[in-house]
Amino acid sequence: MLQTSDFASVKPQTDTRCERYLGAFRWMLLARVFEEKLASLYRGGKVVGGVFLGKGQEALSAALGVSLRKGDIYAPLIRDAAGRFAFGETLLDAARTIVGSRLGPMRGREGNIHRGKPREGYYAMISHLGVMVSTVAGGLIARRFKGVKDVVGATCIGDGGTSTGSFHEGLNMAAVEKLPLVVVVANNQYAYSTPTSEQYACADLIDRAIGYGVRGHKVDGTDPQACFDVVGEAVARARSGEGPQMIVADLLRLVGHGEHDDAHYVNHALKVSPIGRDCLDVARTQITAAGWMTAVQMDALREQLQAEVESAFATALREPLPDPNLEDWRALSTESLAEGRA
Amino acid sequence: MPRIPIIMPQLGESIAEATIVRLPFSVGADVEADQEIIEVETNKATMGVTTPCRGTLLELKVEMGKTYAVGTVLGYVEVSEEEAKRLGVGEATVESGPLKMDAGPSPTSRVTPVVHGLPVPANAAGIAYMSPRMKARMNELGLQQADLAGIAGSGAGGRVTIEDLEEFLYRIDEHKQSPASTMRVAVADAMRRSWTRPLATVGRPVRMDALLAHRKASTAKSGPALYALRALAIALGENSAPAGRLVGGKIVHPKAIDVGFAVEAEDGVLVPVLRNADAIPLSALLPRYDELVELARLRRLPVSAQGGSIATVTNFGTFGLTWATPIPLPEQTLVLGLGAGSVVPSWDKEKSQFVPVTEAQVTLSFDHRVLDGGAAGRLLRRIVELLQEPEKL
Amino acid sequence: MAITYLEAIREAQAKLLADDPRVFIYGQDVGSFGGAFKATKGLAKEFPGRVLDSPISEDAQVGVAIGAALEGMRPIVEMQFADFSTCGLNQIINHAATMFWRTNVKCPIVVRLPSGGTAGAGPFHSQSMEALYAHYPGLVVLNPATVEDAYSMLIAAVHIDDPVIFCEHKYLYYHLKAESLPTEALPVGKARVARPGRDATIVTYSAMLHEALACAEELAQDGWQIEVVDLRSVKPLDTDTILGSVARTGRLLVVGEAFPWGGVTAEVVARVATEGFGLLDAPPMRLNAKDTPVPYHPNLWGTHRPTARAIIGAMRELLHA
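Chains as they are written, first to last, in this note's numbering: chain A, 1 to 342; chain B, 1001 to 1393; chain C, 2001 to 2321.
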């Protein structure tokens, strides 16, 4: 959750708009420094498996994270470090999952972006795109059965993920059930190496909202203020009972699909176009223009967050790794029904 | 005129039966093709049963409210010949009821004892074929196949079943039992392994007079067994092929003419070996022979005198036997046997009269896979020649 | 009062809905229509809002169940036919089945699969999918063969804290009847000796149980005593009961209605061969459907799947082996 005490050094501001912006900015910046550290660890051989970064998507991701509340349901995707932290994931849990600590929520059984804590409404994605849409919808149906009102479920997906049958089935059924679901589509122009021209033939993904019978919201994903406003509004509409909301954000993935990918195929014209902007640069400009923080303060904040990230990884790296001899090789929770643990 | 059956149709997947809820027509009514003439209800829906052709309702075999299985004949419609022909319908009823079981093979029919993947060997009566269960039980009890040779199997194809085995074990429990010695068990094991091969024996007489005379004239006196051993060694030195072993598609030839000889020890037999016996004259072999006989009786045979021999000589004549069919050791193809000598009349052509000669029988038992009667006979003939000219030994 | 296998399933769901507010049913046509086979007949009316019609979206049906289960519900998903569960396969095997192991959070969903062949149903309304699901870690796969098991095992399935694939046989829906609903049951995961014997064991499950029992009855006239084991649960597989039976008889025939490659029958034979080789008096045999899609016409269908007659043929071979 938001750690407002971290902002003691920031100039006192009673303006809620400022507070909201700077709160989200902090998660954006934390995600960025976290992922920079992650990339460095990957190159240093400290990370098992793949590393997938969200550079360029922090504003959109954080916008959703800060719009949700405790008790909501959140199913992030691979480029949502900012949203995850904003929703309440601790740095330590993230670091533990990445290095495979036995003490982390995934205990070395799962890695990197597949982390989550379903009991806290923070669902753990699987790699098969689109399935989290109906899963979040199912969580919302459960809330409805329990008479829980004032709840939102949100999930994130990319332009490529919208081509799956699972996405279609999930969004369609959520619309039929009029569930308070928010689907955030980060149209980052590439699904791994496949450009959007080979991904879909509609003029704009937002056009699909009409087909599903859900409200569509278009936003410039490189503009933090726009993201906070649009995502905030969509979440509020869902919460107030207006049914599923679909947000399509245009932006550019500023890194490879994963750290193993040099992304040489990305069209240069896109990099120099408005969607090629780095949302963190835009944020600095917006913050400076509004006079909410100085460049020096922002640099100081960055340093402070870097220290937190270093500390989290240092702790995680000292923790015990999974041990095949101690592992409970059992896929079922019901011990009496589990087979072949030998 | 043809009678066309009205059949309870399959009204949906997995539907087994339906209930009659309406009978809009009475017997005698005229009905049209494809007209619904009976209304039925299933768990899923209410539906009409139709007649395939125009005609007169001849008979209704159903009652209102009662339930009938799919495929049941509900009644009959009488139709004209032309109508029946035109529509290709006749009185033949449909096959019904997927669970309907045929009579199946008659109880007395014989089934060939064959299972996919692993045929039971033909004529596998008795203990020749052992199931994994039998093998497991026998391993548990330390039993060998040969131990059970006497059990008549009551199983398929005369096989010995686990019940037969248990019955056998129960019965032998009533007998006095004593432990077999280590030597006995070792000999049994060797003989059992050897017996896996097709063994044959040939034999012929040998005149012993020259040999006995030679022995009498010698200062160091060799027994007949050593003469026989030396004769066998020389014969194999001339042609070692008969002592080869068959392994797969190859004959494995001996490297050296090392020949063993059987010595009776307590409750068994030991076979010390004389190395390169083809190259050492009889007189030179004798001290080593005597030494090994003594050591064998004491069961103190040195390692150098054990194993690796290519054939064995056994003097069963010492037991007063004149003829026997010894079994070669499992790793050997040949065993030469020597019977007891006796004085017999022999026709002397020159003198035109019977003269007394001392004669014994020599036998050669061999692995019939490696050599045939001819080759065995030739080898034995050469051995006899040499025994009758002992000075060459 | 006779009750069918299908009615037992309906009654089990009625009881579950009545007893446990966490239970709801989600499936195509399950609401006011009562389901393609009427397994939810009247339930939508009796339990308003708790029997929900879904779009034709098997993937989403399972996804919804997973999400609801994570939030503490006990969803029952009805697939209209087992065959269509392949459209929801990803959610079942990759999401539901991996949930507990990955996240330490339980995923108690029940997916009901109307399984198996009926005359005229053809390639896409006849399949037996149990082997496919049993292959994946994290799933419980149940195959009730009796009215009693259909009832008690479905109730047990909903109480299991893990995803359960409940394979109910369509052929048994109406053909199988019992006098009344059971008041007690064997625990899930235990196989049942449905008929004791001495000369050979048939291990089977689901609709094939009845074909196997018919075979045993027929061979009893020749003096053979055939033991029939009803697996009830394909996963977990009750190896102990199977081995116990083979230890008694020394001969094993495993019968399944599913396709022949791999599968439940192969698994049973593999386990007996590895853990109970020394119990065997003859090579274990398998009898399955043919290695083609399930045919439409009854003449072909009746030969495609094992029948009592085919089992008798196999058993006579086995008894003489």
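Quick reminder that beta carbons are idealized off the backbone N, C-alpha and C, glycines included.
- Shortest Cα-Cα distance from residue 1331/B to any of 1283/B, 1018/B, 1193/B, 1145/B involves 1193/B.
- Between the stretch 2041-2053 of chain C and the stretch 2094-2103 of chain C, the count of Cβ pairs shorter than 8 Å is below three; the stretches do not touch.
- Collapsing the DSSP output to three states places residue 157/A in a strand.
- Put simply, the backbone Cα of residue 58/A is about 58 Å away from that of residue 2182/C.
- In the DSSP annotation of this structure, residue 1159/B is not part of any beta strand (DSSP E), being labelled neither H nor E.
- With a cutoff of 8 Å on beta-carbon distance, residue 2178/C and residue 2147/C are scored as near each other.
- At the C-beta level, residue 158/A and residue 73/A stay beyond 8 Å of one another.
- When beta bridges are read from the DSSP output, residue 117/A appears opposite 122/A.
- DSSP, read as helix, strand or coil, puts residue 1048/B in strand.
- Annotation: Cβ neighbours of residue 1131/B in chain C (cutoff 8 Å, chain order): 2250, 2280, 2281, 2282.
- Between the alpha carbons of residue 324/A and residue 2233/C lies a distance of about 29 Å.
- For residue 2197/C, not one C-beta of chain B is nearer than 8 Å to its own C-beta.
- Residue contact with chain A for residue 2170/C: absent (no Cβ-Cβ distance below 8 Å to any residue of chain A).
- Taking 8 Å as the CB threshold, residue 1007/B stays off the interface with chain C.
- The DSSP-derived three-state label of residue 1191/B is helix.
- Around residue 2008/C, the same chain offers 2147, 2150, 2151 as residues with beta carbons nearer than 6 Å, after the five sequence neighbours per side are excluded.
- For residue 2277/C, a Cβ of chain B is located within less than 8 Å of the residue's own Cβ.
- In the same chain as residue 1272/B, and ignoring 5 residues on each side of it, the C-beta atoms closer than 8 Å to its own belong to 1260, 1261, 1263, 1292, 1293, 1295, 1296, 1301, 1305, 1306, in chain order.
- Secondary structure within the stretch 2189-2235 of chain C: the beta strand (DSSP E) runs of 3 or more consecutive residues, fully enclosed, are 2192-2195, 2200-2204, 2226-2230, 2233-2235 (chain order).
- Going by C-alpha positions, residue 278/A is about 56 Å away from residue 2237/C.
- Neighbours of residue 2225/C in chain A, taken as residues whose beta carbon is under 7 Å from its own, are absent, since the nearest beta carbon is some 31 Å off.
- In this structure, the straight-line span from the alpha carbon of residue 1257/B to that of residue 1289/B is close to 15 Å.
- The Cβ of residue 2067/C sits closer than 8 Å to at least one Cβ of chain A.
- Around the C-beta of residue 103/A, fewer than 16 other C-beta atoms lie within 10 Å, and the residue is accordingly described as exposed.
- For the stretch 1156-1178 of chain B, the beta-carbon criterion of a distance under 8 Å to any beta-carbon of chain C is satisfied by 1156, 1157, 1161, 1162.
- Straight-line spacing of the CA atoms in residue 1336/B and residue 1175/B works out to 37 Å.
- The three-state reading of DSSP puts residue 151/A in coil, since its state is none of H, G, I, E or B.
- A straight line joining the alpha-carbon of residue 250/A with that of residue 225/A spans about 14 Å.
- Between residue 124/A and chain C, the shortest Cβ-Cβ separation is below 8 Å.
- Taking 7 Å as the cut-off between beta carbons, the residues of the stretch 163-186 of chain A near chain C are 165, 166, 169, 170, 172, 173, 176, in sequence order.
- The stretch 2017-2033 of chain C makes no contact with the stretch 1375-1386 of chain B, as fewer than three CB pairs between them are under 8 Å.
- Taking residue 1220/B as reference, the option from 1270/B, 1281/B, 1265/B with the minimal CA-CA separation is 1281/B.
- Taking a beta-carbon distance threshold of 8 Å, residue 141/A counts as an interface residue toward chain C.
- When beta bridges are read from the DSSP output, residue 1019/B appears opposite 1041/B, 1067/B.
- Shown here for residue 1236/B: same chain residues with a beta carbon closer than 6 Å to its own, the five before and five after excluded, namely 1243, 1257 in chain order.
- Of the residues 2274/C, 2235/C, 2247/C, 2231/C, the one whose Cα lies closest to the Cα of residue 2255/C is 2231/C.
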